[in-house]
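*Asks:* Questions regarding the structure given below will be posed in turn.
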Amino acid sequence: MNLGIRIKELRTKKKISQEELASMLYVTDKTISSWENERTEPSLEMVKKLSEILECSISYLLYGDTPKQDIELEIKVSLSKKEYFDLTKLLDDKGKFIKVSTQKDTYYEPTHRKFIENMDYISEWLRIGQRGNETILNYKNWYDNLYCDEYEVKIDSKENMEKIFEKLGIKELIKVNKTRKIYMYQGKYEIGLDEVENLGYFIEIENKKYEKPILEEYDELISTASNLNINLNNITKKGYPHILLEEKIQG
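Going left to right, the sequence shown walks through residues 1 to 251 as the numbering used here numbers them.
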């Protein structure tokens, strides 16, 4: 059972109409219908409000009865060159350096199922990534561009996987090449300082240790970024392939 189905089931049990629920949330009944039919996803703040109205836990709405392990909570912020090197110096001093990684990623989309409805929001990614001698197939499904389900598996041959994709009608979208310096910070956050070919400099901060409800963890992640003197006005909810695709389309 998915999020939309759980919303509908709980709403029906409480004998609340779509119109009534929409009024409680200050949205339209079309928005409720869109959630319940899984055309769109409510934001985290809306999930919190839904849990209060429907008298259930946030975890139940998001994951059902099954504990959720494949989840990623992170933020990405664009940096100037100076900010990039200042943060490198700070993390060399206060963080734990892990490694430098050269990453080459190729992103794909099925021809029968569009990941890109418009360039304002891309909810899914499918990619083949080169990580040193390893080749990894990765799939992400984003919720409100704040966190995502993530699944990945190592593959023996990128060439053979590309042939399978070709047979299945899965086409290449864009390539992203970057160099990433990876640190652990405060024993909880993995920080990647990225230099992205044709894009510039970025920092990604990912929560690797979940101890509280996801909304509280997100607030703590934002607080940690602020304490690192990161300009949160430059948070981008768009991934590197998203940004590169926009630039490619704009010509």
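Just so it is clear, CB atoms sit at the ideal spot from N, CA and C, and this is done for glycine as well. Quick caveat: nothing in here was measured; it's all calculated off a predicted structure.
Starting from the N-terminal side, write out each stretch of the beta strand (DSSP E) that is 3 residues or longer and does not extend beyond the stretch 52-139.
*Replies:* 71-79, 96-110, 116-118, 124-131
*Asks:* Go through its chain and collect everything with a Cβ distance to lysine 158's Cβ below 7 Å, but skip five positions before and after it.
*Replies:* Ile128, Thr135
*Asks:* I need the straight-line Cα distance from leucine 87 to threonine 102, nearest angstrom please.
*Replies:* Roughly 19 Å separates the two Cα atoms.
*Asks:* Does DSSP classify leucine 173 as helix, strand or coil?
*Replies:* strand
*Asks:* Beta carbon of glutamate 74, beta carbon of asparagine 227: below 8 Å?
*Replies:* No, they are not a contact pair.
*Asks:* To the nearest angstrom, report how far apart tyrosine 185 and lysine 96 are at their CA atoms.
*Replies:* 6 Å
*Asks:* Enumerate in chain order the residues of its own chain whose CB-to-CB distance from phenylalanine 202 is below 7 Å, with the five nearest sequence positions on each side excluded.
*Replies:* Lys76, Val77, Ser78, Leu79, Asp194, Val196
*Asks:* Which residues in the same chain have their Cβ closer than 6 Å to the Cβ of lysine 99, if we skip the five residues on either side of it in sequence?
*Replies:* Ile182
*Asks:* For leucine 10, count neighbouring C-beta atoms within 10 Å of its own C-beta (all shown protein chains included) and say buried if the count is 16 or more, exposed if not.
*Replies:* buried
*Asks:* If you drop the 5 nearest sequence neighbours on each side, which residues of the same chain put their C-beta closer than 6 Å to that of phenylalanine 85?
*Replies:* none
*Asks:* Across which residues does DSSP place tryptophan 142 in a beta bridge pair?
*Replies:* Cys148
*Asks:* Have a look at histidine 242 and isoleucine 235 and give me their C-alpha separation to the nearest angstrom.
*Replies:* Cα to Cα, histidine 242 sits roughly 14 Å from isoleucine 235.
*Asks:* For threonine 28, which residues from the same chain have a beta carbon less than 6 Å from its beta carbon, with the 5 sequence-adjacent residues on both sides left out?
*Replies:* Here the set comprises Ala22.
*Asks:* Using the three-state DSSP reduction, which class does asparagine 234 fall into: helix, strand or coil?
*Replies:* Looking at asparagine 234 - three-state DSSP - the assignment turns out to be helix.
*Asks:* Between serine 123 and asparagine 141, is the Cβ-Cβ spacing less than 8 Å?
*Replies:* yes
*Asks:* Need the endpoints of the alpha helix (DSSP H) that tyrosine 218 sits in, please.
*Replies:* 214-227
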